Amino acid sequence: MRRLVCLLAVLLFAFPAQAGPGSCGWKNVIKRVFGRSAGKQPAAAEIQRAVETQAYAAQEINRASASYWKASHALVAAPNLRLPYQSMAVISSEAIAPATEEDFRFNIKNDRLARVWRMVTQRDLTLMQQRKQEMLEFLQVSRPGREMNYAALIPSDAKYIQIGEEHGFVPLRRAFEKIVWQYHKMYPDRKIIVLTEFVFDRTLPISEKTGLPVSVLGLRYRRVSPDFRFLEKFIKRGIEVIGLEDERYFKDHQGLITPSFRQVESVYGMKQRNDHWRQIIDQVRQREPNAVFFIYAGNMHVHYRAPFSLARASSQVFVLQLLARDLGKDLPFGAVMQNEPFAQVAETEESPVLLQWKPGSSYPVLSGFDACLIFPVP
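Residue numbers (the numbering used here): 1 to 378.
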């Protein structure tokens, strides 16, 4: 049975998406995964197939991952696969032997998921290379200036504002703080809740004894990096802040999730963390059905095309990427557009470059974002 599952996964990526289930539930799969009816917005056939492929891949991976580690053979990636990015789907290093049985199982699960996602991402990359000129026609590029109202980018009906940042850059953190305050000024009567990777979801030491997620606590009781002290300003002004990161899981798997020698994310680690975060987000939504959620994390957590992303395309979701210096090559859109003038921002510039898709475009989900800001960083 396990071999049959693996064979089916390989066949899925060896043939065009329409050779798969086709009329047997594609629309329902896409609706479940992306939150949108397959026929609601017209799109190019190639884009539709790419979205369908990823939707089906996500479904199959979730179904089979529980038994992956027991399998005696691996899925084989496409021959001569050379990706211009590595952080989306990293294979375990052969130079590092698993220290424990748990590490061994973790690596096998991760490697199988990573191979599948490399194939999906390679298909995205090929499609965007073919459609690059058309994408450029739908892409709006501008330099809005230092006094830009970032919050004006957000649709008024969005309830999940997913903002991803490139870690370690002060201008990006300041931009997120500014976005929240600007939005609060635009909609003073709306309840805003910030759910963020940068605060742990458990208190210390109390939750170490109970294991229960924190529901509502003042930030002073949680562990938070000094780089994100502005979150305390939110709480003082009535903006609730909720931590997403599971500290115990992160500690137990630090060497597997983010190996220090290459600072990359494992696919299985991303899945585990995002599954945990999604549970918290759903719990808070049940408590606050009318609130606006600002979900603030690393770009790979809220990018439409990243593995097991928190972002699902719908009218209630808006994805904004905050990047430093350039688009980067770790995801297909950046790899395809890396030589365009707007892809690089000199540190001498005074304002960021804004990338937006024209209304009615089918490319936000394929590119990964609704809008993107690239900041000059000294």
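C-beta atoms are modelled at their ideal positions from N, C-alpha and C, and glycine is treated no differently.
Here the structure is a predicted model, which is why all the values come from computation and not from measurement.
Considering Cα atoms alone, identify which of Asp103, Arg131, Leu323, Trp117 is closest to Arg173. Leu323
Bridge partner(s) assigned by DSSP for Trp357: Leu139
Helix, strand or coil at Gln316 [DSSP, three-state]: coil
Find out if the Cβ-Cβ distance for the pair Glu245, Glu177 is shorter than 7 Å. Against a cut-off of 7 Å, the Cβ pair of Glu177 and Glu245 comes out as no contact.
Alpha helix (DSSP H) segments (min. 4 residues) lying fully within the segment 264-308: Along the length of the segment 264-308, whole alpha helix (DSSP H) runs at least 4 residues long occupy 267-287, 299-302, reported in chain order.
Does the beta-carbon distance from Gly164 to Asn299 come in below 7 Å? yes
Quick one: grab the DSSP three-state call for Asp380. One cannot answer for residue 380 here, as it falls past the ends of the chain, which runs 1 to 378.
By how many angstroms is the C-alpha of Gly360 removed from the C-alpha of Leu113? Taking the CA atoms as reference points, Leu113 sits about 33 Å from Gly360.
Proximity of Pro98 and Val377 at Cβ, strictly below 7 Å: No, the Cβ-Cβ distance between Pro98 and Val377 is not below 7 Å.
Pairing CB atoms from the segment 101-112 with CB atoms from the segment 307-318, are three or more of them under 8 Å? no
Does DSSP classify Ala324 as helix, strand or coil? Note: Ala324 maps to strand in three-state DSSP.
Would you grab the beta carbon distance between Ile192 and Ile239 for me? Rounded to a whole angstrom, and I think it's under 8 Å. Taking a contact as a CB-CB distance under 8 Å, the pair Ile192 and Ile239 counts as one, their CB atoms being some 5 Å apart.
Return the residue from the list Thr121, Asn107, Glu101, Thr100 that minimises the CA-CA distance to Ile91. Asn107
Under the assumption that Leu327 contacts Ile374 (Cβ atoms under 8 Å), give the Cβ distance between them as a whole number of angstroms. 7 Å
Using the beta-carbon count (16 or more within 10 Å), is Gln124 buried or exposed? Reading the sequence as shown, one finds Asp at residue 124 and not Gln. Asp124 should be labelled buried.
Starting from Phe375, follow the beta strand (DSSP E) in both directions and report where the run begins and ends. 371-375
Taking Cβ positions, are Val336 and Met128 nearer each other than 7 Å? yes
Are the beta-carbon atoms belonging to Val317 and Arg190 less than 7 Å from one another? no
Would you please state the rounded distance, in angstroms, between the beta carbons of Val267 and Leu195? I believe it to be under 8 Å. Contact doesn't hold; Cβ gap of about 22 Å is too wide.
Kindly indicate which residue of Phe230, Asp201, Val141, Arg237 has the alpha-carbon position closest to the one of Pro188. Nearest to Pro188 by alpha-carbon distance, out of Phe230, Asp201, Val141, Arg237, is Arg237.
If you draw a straight line from the alpha carbon of Val382 to that of Thr126, how long is it in whole angstroms? One cannot answer for residue 382 here, as it falls past the ends of the chain, which runs 1 to 378.
Where Phe234 and Leu139 are concerned, what is the direct C-alpha to C-alpha distance, given to the nearest angstrom? Phe234 and Leu139: Cα-Cα distance of roughly 33 Å.
Taking the Cβ atom as the reference point for each residue, do Gly368 and Phe342 lie within a distance shorter than 7 Å? no
Would Gln162 and Val302 be called neighbours here (beta carbons separated by less than 7 Å)? yes
Name the residue from Glu147, Ser309, Lys185, Arg105 whose alpha carbon lies nearest to the alpha carbon of Met270. Ser309
Helix or strand or just coil, what does DSSP make of Gln338? coil
Answer with buried or exposed for Cys24, where buried requires no fewer than 16 other C-beta atoms within 10 angstroms of its C-beta. Caution applies to Cys24, whose pLDDT of 41 falls short of 50 and renders its modelled position unreliable; the model cannot decide the point.
N- and C-terminal bounds of the alpha helix (DSSP H) containing Val365: Note, Val365: alpha helix (DSSP H), 364-367.
Assign Arg273 to buried or exposed, taking buried as 16 or more other Cβ atoms, counted over all protein chains shown, within 10 Å of its Cβ. buried
In the structure shown, what three-state DSSP assignment does Pro378 receive? coil
Val120 in three-state terms, based on DSSP: helix
Buried versus exposed, by CB contacts within 10 Å (16 or more), Asp370: buried
With 16 other Cβ atoms within 10 Å as the buried cut-off, status of Arg278: exposed
Quick one: what does DSSP say Ile154 is sitting in, helix, strand or coil? coil
Apply the 10 Å Cβ neighbour rule to Ala346 and answer buried if 16 or more other Cβ atoms are within range, or exposed otherwise. exposed
Quick one: Cα of Thr210 to Cα of Lys251, how far? Reliability fails at Thr210, whose pLDDT of 47 lies under 50, so the model's placement of it is uncertain and the value that follows must be treated cautiously. Cα to Cα, the separation comes out at about 17 Å.
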